[in-house]
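Asker: First, the structure itself, so that you have it in front of you.
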C-alpha cells in the first residue's frame with residue numbers, strides 16, 4: 001500500500017509481470033484533427049489478461065485513443081500493433097479479421113433503436129460469423145444471459161430498457177463474436193452506485209471466466225480501485241504513466257495528486273480498504289469432513 005491507498009489485490013504486481021506479454025502496443029502515435037493535436041508521440045502497452053483503465057482530464061483524448069486502437073480513427077503518425085500485427089499496414093481483409101477479435105462497448109451503448117435486443121446481439125453473428133437467423137438468435141440469447149440480463153429482455157427494444165440494462169445489452173453485443181479484447185468506453189457512466197458496482201463485478205467475472213483482456217476508458221474511481229490491474233494516465237498529449245494503481249497514485253504530478261488524493265479518491269480508497277478488511281475477517285469454513293459423533 002502506498003500513500004494510504006489500496007488496490008484490489010486480485011493481480012499482484014508479481015502476477016501482472018507474469019502477464020507481461022503485450023497484446024496491444026501503441027508507438028509514437030500522433031492524433032490530429034485539423035490544427036488541433038490531441039496526441040503526440042504517445043506510447044502505450046496493454047498486457048494480455050489484464051484490466052487496464054485509461055484516465056485523464058477532459059479533452060485529453062481517452063476515447064480518441066480507444067477509437068484509434070479499434071480502427072475507427074486513423075492516426076496521422078505512428079503504429080498500432082495488436083496480436084503482433086501492425087493494424088495500420090494490414091490490407092483491409094486482414095485488418096477486418098483482426099478487428100473481429102475485438103468487442104466494443106460505446107459510451108451510450110450504440111444499439112440500433114429499431115431492433116430488439118436479441119436482434120442487436122444477433123446482427124454481428126449474421127454479418128461476420130455467417131450464421132443463419134435462427135442460430136444467431138439462439139446464440140444471442142446465451143450472450144444476453146452472460147451479460148446478466150433476464151431472458152425476456154431479448155424481446156424488448158432499447159427504449160424499453162433502463163440505463164443499466166442498455167449497458168448490459170450493449171455488452172452482450174460486444175461479446176457476440178467471442179472477442180479476445182473487450183474495449184469499454186465509460187461503461188458505468190450514468191449508472192447509480194449499485195448498478196455501477198454490479199457492472200464492475202460482471203466485467204471482472206467475465207475477464208476471469210473468459211480470459212479476456214479489458215481496456216477501459218473511465219473516470220469512475222470506484223471502477224479503478226475495484227477491478228483495475230494497471231492504470232494509464234493521459235496528459236500533455238501522451239501517456240504520463242502506465243503502472244499499478246499504487247505506483248500511479250504515488251507519481252509526482254499535480255493532476256494525478258488531485259485525482260487520486262482528492263475527496264473522491266480518498267473515499268474510493270477507503271471503501272476498497274473496508275471491503276478488503278471485511279473479506280479478510282470472514283471465518284474460514286470448516287474443512288473437516290469427519291462425521292460429527294453426535295450425528296452418528
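Residue numbers (the numbering used here): 1 to 296. Ideal Cβ placement from N, Cα and C applies to all residues, glycine included. Note that the coordinates shown come from a computational prediction; the quantities given were computed from them, not determined experimentally.
What residues in its chain sit with their C-beta under 8 Å from that of residue 83, if we drop five residues either side in the sequence?
Answerer: Numbered from its first residue, the chain shown carries residue 83 at position 83. Contacts found: 23, 98, 101 and 180.
Asker: Please state whether the Cβ-Cβ distance between residue 53 and residue 228 is less than 7 Å.
Answerer: Position 53 of the chain shown, counting from 1, holds the residue named residue 53. Position 228 of the chain shown, counting from 1, holds the residue named residue 228. A contact, by the Cβ cut-off of 7 Å.
Asker: Is residue 148 near residue 111, with beta carbons less than 7 Å apart?
Answerer: For the purposes of this step, residue 148 is identified with residue 148 of the chain shown, where counting begins at 1. For the purposes of this step, residue 111 is identified with residue 111 of the chain shown, where counting begins at 1. It is not a contact, given that the beta carbons lie outside the stated cut-off.
Asker: Residue ranges of each beta strand (DSSP E) run of no fewer than 3 residues wholly in the region 38–74, ordered along the chain?
Answerer: Taking only runs of at least 3 residues, the beta strand (DSSP E) segments lying wholly in the region 38–74 are 51–56.
Asker: Using the three-state DSSP reduction, which class does residue 162 fall into: helix, strand or coil?
Answerer: Here residue 162 corresponds to residue number 162 of the chain shown, with the count starting at 1. Three-state result, residue 162: coil.
Asker: For the region 159–177 against the region 131–148, do three or more pairs of beta-carbon atoms, one drawn from each stretch, fall closer than 8 Å, so that the two count as touching?
Answerer: Short answer: they touch.
Asker: For residue 190, which of 75, 248 and 218 has the nearest alpha-carbon?
Answerer: Start at 1 with the first residue of the chain shown, and residue 190 comes out as number 190. Comparing Cα-Cα distances from residue 190 to each of 75, 248 and 218, the minimum goes to 218.
Asker: Measuring only the C-alpha atoms, how far is residue 25 from residue 65?
Answerer: Mapped onto the chain shown, residue 25 falls at position 25. Mapped onto the chain shown, residue 65 falls at position 65. Rounded to whole angstroms, residue 25 to residue 65 spans 12 Å at the Cα level.
Asker: Given this structure, state the Cα-to-Cα distance separating residue 183 from residue 104, to the nearest angstrom.
Answerer: Residue numbering aside, residue 183 sits at position 183 when the chain shown is read from its first letter. Residue numbering aside, residue 104 sits at position 104 when the chain shown is read from its first letter. Going from the Cα of residue 183 to the Cα of residue 104 covers about 5 Å.
Asker: Residue ranges of each alpha helix (DSSP H) run of no fewer than 4 residues wholly in the region 126–190, ordered along the chain?
Answerer: Correct list: 133–146 and 163–174.
Asker: Count the other CB atoms within 10 Å of the CB of residue 118; is the residue buried (16 or more) or exposed (fewer)?
Answerer: Your numbering for residue 118 matches position 118 in the chain shown. Looking at its Cβ environment, which holds 16 or more other Cβ atoms inside 10 Å, residue 118 is buried.
Asker: For residue 139 and residue 121, I'd like the C-alpha separation in whole angstroms.
Answerer: Residue 139 sits at position 139 when you count from the first residue of the chain shown. Residue 121 sits at position 121 when you count from the first residue of the chain shown. For residue 139 and residue 121, the distance between alpha carbons rounds to 9 Å.
Asker: Return the bridge partner residues of residue 32 from the DSSP annotation.
Answerer: Translated into the one-based positions of the chain shown, residue 32 becomes position 32. BP columns for residue 32 point to 37.
Asker: For the 8 Å Cβ check, are there 3 or more pairs between the region 36–48 and the region 84–91?
Answerer: These segments do not touch.
Asker: In chain order, what residues of the same chain lie with their CB nearer than 7 Å to the CB of residue 230, ignoring the 5 residues before and after it?
Answerer: Taking the first residue of the chain shown as 1, we reach residue 230 at position 230. Taken in chain order, the residues that qualify are 16, 50, 52, 242, 243 and 244.
Asker: Could you name the residues that DSSP lists as bridge partners for residue 213?
Answerer: As a first step, residue 213 must be located in the chain shown, where it is residue number 213. Residue 213 pairs with 181.
Asker: For residue 85, name the three-state secondary structure that DSSP assigns.
Answerer: Residue numbering aside, residue 85 sits at position 85 when the chain shown is read from its first letter. In the structure shown, residue 85 sits in a strand (DSSP, three-state: E or B).
Asker: Inspect the beta-carbon positions of residue 132 and residue 141 and report whether they are closer than 7 Å.
Answerer: Here residue 132 corresponds to residue number 132 of the chain shown, with the count starting at 1. Here residue 141 corresponds to residue number 141 of the chain shown, with the count starting at 1. Not closer than 7 Å, so no.
Asker: In chain order, what residues of the same chain lie with their CB nearer than 7 Å to the CB of residue 21, ignoring the 5 residues before and after it?
Answerer: Counting from one through the chain shown, the residue named residue 21 turns up at place 21. 47 and 48, listed in sequence order.
Asker: Is residue 262 helix, strand or coil by DSSP?
Answerer: Along the chain shown, one-based indexing puts residue 262 at 262. It is coil, neither helix nor strand.
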